[in-house]
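Chain order of the listed sequences is A and B.
For what it's worth, numbering that gives the first Met the number 0 labels the leading residue of the first sequence as 0, then goes sequentially.
For what it's worth, numbering that gives the first Met the number 0 labels the leading residue of the second sequence as 0, then goes sequentially.
Virtual Cβ for every residue (Gly too), placed ideally from N, Cα, C.
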Amino acid sequence: MKQHRMLVHGVILGVFCLGFGLMLAVTDRVTAEDISARSLEDRLNSLSQVIPESIHDNNLVTDAIAMKNEQGNEITVYRATKEGKVTGVAYEIFGSGYAGKIKLMLGVDAQGKVLGVRVLAHKETPGLGDKIEVKKGDWILRFTGLSLGNPLPDKWKVKKDGGQFDQFAGATITPRGVVGAIRTGLEFFAANKAQLIDFNAQKAPMKEGH
Amino acid sequence: MAAQYKTIVRDGLWENNGVLAMLLGLCPTMAMTTSATNGLGMGLATAVVMAASNLLVSVFRSRITQEVRIPVYILIVAAMVTLVDLCMNAWMHELYKVLGLFIPLIVSNCLPLARLESFASKEPPMQSLMDGIFMGIGFTLALTAIGAVREITGTGTLFADASLLLGPAFHFMEMRFLPADSGILMMILPPGGFLVAGLMVVGKRMLDVRAGKAIQMGGAHSAA
Chain A
0 MKQHRMLVHG VILGVFCLGF GLMLAVTDRV TAEDISARSL EDRLNSLSQV
50 IPESIHDNNL VTDAIAMKNE QGNEITVYRA TKEGKVTGVA YEIFGSGYAG
100 KIKLMLGVDA QGKVLGVRVL AHKETPGLGD KIEVKKGDWI LRFTGLSLGN
150 PLPDKWKVKK DGGQFDQFAG ATITPRGVVG AIRTGLEFFA ANKAQLIDFN
200 AQKAPMKEGH
Chain B
0 MAAQYKTIVR DGLWENNGVL AMLLGLCPTM AMTTSATNGL GMGLATAVVM
50 AASNLLVSVF RSRITQEVRI PVYILIVAAM VTLVDLCMNA WMHELYKVLG
100 LFIPLIVSNC LPLARLESFA SKEPPMQSLM DGIFMGIGFT LALTAIGAVR
150 EITGTGTLFA DASLLLGPAF HFMEMRFLPA DSGILMMILP PGGFLVAGLM
200 VVGKRMLDVR AGKAIQMGGA HSAA
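Listed below in structure tokens is the structure:
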């Protein structure tokens with residue numbers, strides 16, 4: 000008797016799992032196409048903020064190459080090309096903030112000058128560290144036009160560390176992480192310049208999502 | 000019949016309010032009430048999940064045996080959350096970018112589970128659906144109110160970015176009361192959440208006492 004009841008419970012649970020599993024599978028199937036289209040739009044959007052429209056005539060997302068960054072992680076480098084020349088590249092960079100990783104997108108032109116930086120994701124304190132977002136302040140815009148030689152490498156720090164970049168009132172760790180990430184990002188460009196601006200570099204296989 | 004629905008509505012919105020009376024779902028309440036808009040969005044998403052899962056559990060209530068009810072409830076809530084998550088990502092993407100991170104949190108909210116156990120597992124589908132909707136709206140109101148207080152005192156704005164959540168037509172809701180950077184930072188940090196939520200619970204009880212009602216001690220066991 001007891002064994003029989005146990006079986007009944009198992010069957011009930013199994014039927015519910017199967018039913019809802021099927022429902023989710025169908026939903027996933029129905030939404031998959033729209034979701035990947037949205038994520039592609041998102042990526043194009045964040046790229047268009049760090050690579051000006053005027054310097055390229057290609058599709059930034061499809062014209063991407065895969066490279067390894069200084070930590071040995073694979074990153075996707077999106078490339079802007081115009082009339083057969085690479086005019087700029089954009090890739091994700093990571094800084095360590097107060098509450099975890101800060102993910103940014105860095106755009107660099109062929110000479111190694113910053114075209115723009117935007118924060119993609121962070122977990123910094125609202126009201127303190129989140130001034131790195133472009134919609135909360137224009138701090139992040141000051142990096143545009145700078146390069147490894149301007150300011151000199153030992154000035155690529157926040158003021159508290161003897162560099163030239165302002166920290167925010169009450170938040171030093173967040174800007175320090177961002178400045179460090181951009182400097183490392185520019186060093187990556189300098190170290191890999193030849194490959195980055197080689198028009199015929201091997202294209203990365205398209206990856207779904209991000 | 001009508002009287003029964005009236006009780007459901009009053010229970011959901013005030014008497015048995017998920018946050019202010021039962022003190023359930025405090026995890027999303029603390030995390031998501033840094034602004035009125037966030038509270039509103041989280042509340043609405045939770046309300047949708049609660050209505051759907053209440054209805055489903057009520058429909059299947061004679062099939063779900065006592066022994067396996069908890070896993071089945073969790074399965075249903077989790078399935079509804081995933082469904083909302085996928086659909087929003089595909090068809091309401093702007094909203095998803097604001098709320099997306101927090102939708103999976105609804106699974107860990109004990110308020111939907113409490114309503115399934117104490118209401119939907121016993122009552123017919125129509126009543127259960129209503130209970131889900133009004134408990135959800137009550138939750139939304141509480142979250143929006145707490146968010147509004149924290150936002151006004153913490154950042155000096157009210158309903159900032161509401162147009163991102165509800166569409167450009169709601170731009171008029173976005174208000175600023177204090178100059179930028181003059182808010183009390185603590186209010187949007189976790190301590191402010193506990194402070195405001197606690198004061199609101201006190202406020203509700205004082206109103207109830209003044210109205211001469213017997214005060215129930217909070218907790219899921221007192222839920223009807």
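Exposed or buried, which one is residue i when buried takes at least 16 other CB atoms within 10 Å?
i: A113/B; result: buried
i: R4/A; result: exposed
i: P190/B; result: exposed
i: S103/A; result: First, the amino acid is wrong: residue 103/A is Leu here, not Ser. L103/A comes out buried.
i: G20/A; result: exposed
i: K5/B; result: exposed
i: E150/B; result: buried
i: Q3/B; result: exposed
i: R37/A; result: buried
i: L115/B; result: buried
i: P174/A; result: buried
i: F193/B; result: exposed
i: N199/A; result: exposed
i: G48/B; result: It should be pointed out that residue 48/B corresponds to Val in this sequence rather than to Gly. The residue in question, V48/B, is buried, as its Cβ has 16 or more Cβ neighbours within 10 Å.
i: L140/A; result: exposed
i: A31/A; result: exposed
i: G176/A; result: buried
Check this for me: beta carbons of residue i and residue j, under 8 Å apart or not?
i: I7/B; j: T45/B; result: no
i: M199/B; j: L19/B; result: yes
i: T33/B; j: I187/B; result: yes
i: G115/A; j: G128/A; result: no
i: V178/A; j: G161/A; result: no
i: V71/B; j: S52/B; result: no
i: L59/A; j: L43/A; result: yes
i: V58/B; j: L12/A; result: no
i: Y90/A; j: T124/A; result: no
i: T171/A; j: K156/A; result: no
i: A111/A; j: L185/A; result: The sequence as given places Gly at residue 111/A; Ala does not occur at that position. Yes. Within cutoff.
i: G11/B; j: D130/B; result: yes
i: K135/A; j: F167/A; result: no
i: L43/B; j: S127/B; result: no
i: C16/A; j: L177/B; result: no
Thinking just about the alpha-carbon of each residue, which of the options is nearest to the one in residue i?
i: L39/A; options: S57/B, A89/B, R60/B, V71/B; result: A89/B
i: D56/A; options: N44/A, K84/A, E73/A, E69/A; result: K84/A
i: A193/A; options: A109/A, N72/A, C16/A, N58/A; result: A109/A
i: S210/A; options: I64/A, D33/A, E82/A; result: Outside the shown range of chain A, which is 0 to 209, sits residue 210/A, and nothing can be said about it.
i: F171/B; options: D180/B, M134/B, T156/B, V208/B; result: T156/B
i: E93/B; options: A1/B, E173/B, P167/B; result: P167/B
i: V195/B; options: G24/B, M29/B, M174/B; result: M29/B
i: G148/A; options: I64/A, Q166/A, V113/A, L23/A; result: V113/A
i: A50/B; options: L85/B, A119/B, T154/B; result: A119/B
i: G94/A; options: F167/A, G111/A, A120/A; result: A120/A
i: Y77/A; options: M66/A, T143/A, V29/A; result: M66/A
i: L22/B; options: A213/B, V208/B, G197/B; result: G197/B
i: R28/A; options: R175/B, C86/B, T152/B; result: C86/B
i: A147/B; options: R175/B, L128/B, D130/B, K203/B; result: R175/B
i: G99/B; options: V88/A, I34/A, N72/A, G18/A; result: I34/A
i: S146/A; options: K122/A, E69/A, D165/A, I181/A; result: I181/A
i: Q65/B; options: K121/B, N15/B, V97/B; result: K121/B
i: Q48/A; options: A189/A, V88/A, Q70/A; result: V88/A
i: T154/B; options: E14/B, P103/B, A35/B; result: A35/B
i: L195/A; options: N68/A, V25/A, G99/A; result: N68/A
If we ignore side chains and look at the alpha-carbon of each, how far apart do residue i and residue j end up?
i: S221/B; j: R9/B; result: With a pLDDT of 44 at S221/B, under the threshold of 50, the predicted position of this residue should be treated as unreliable, though the coordinate-derived value follows. Distance between the alpha carbons of S221/B and R9/B: 16 Å.
i: P152/A; j: F187/A; result: 14 Å
i: G9/A; j: P111/B; result: 24 Å
i: G211/B; j: V201/B; result: 15 Å
i: R117/A; j: D137/A; result: 11 Å
i: F158/B; j: V14/A; result: 44 Å
i: I101/A; j: I92/A; result: 8 Å
i: M125/B; j: A179/B; result: 48 Å
i: P123/B; j: I132/B; result: 14 Å
i: S117/B; j: Y95/B; result: 31 Å
i: G135/B; j: N191/A; result: 54 Å
i: T61/A; j: I74/A; result: 14 Å
i: A79/A; j: N108/B; result: 45 Å
i: V56/B; j: G24/B; result: 20 Å
i: D41/A; j: D207/B; result: 49 Å
i: I69/B; j: S181/B; result: 47 Å
i: M185/B; j: C26/B; result: 18 Å
i: T143/A; j: D165/A; result: 15 Å
Do residue i and the ligand MG come close, with the Cβ less than 7 Å from some heavy atom?
i: E93/B; result: No copy of the ligand MG occurs in the structure displayed, which carries no ligand at all.
Is it a yes or a no for the region 75-84 of chain B touching the region 154-165 of chain B, going by three-plus beta-carbon pairs under 8 Å?
no
Is there contact here, the region 23-42 of chain B with the region 136-155 of chain B, by at least three beta-carbon pairs under 8 Å?
yes
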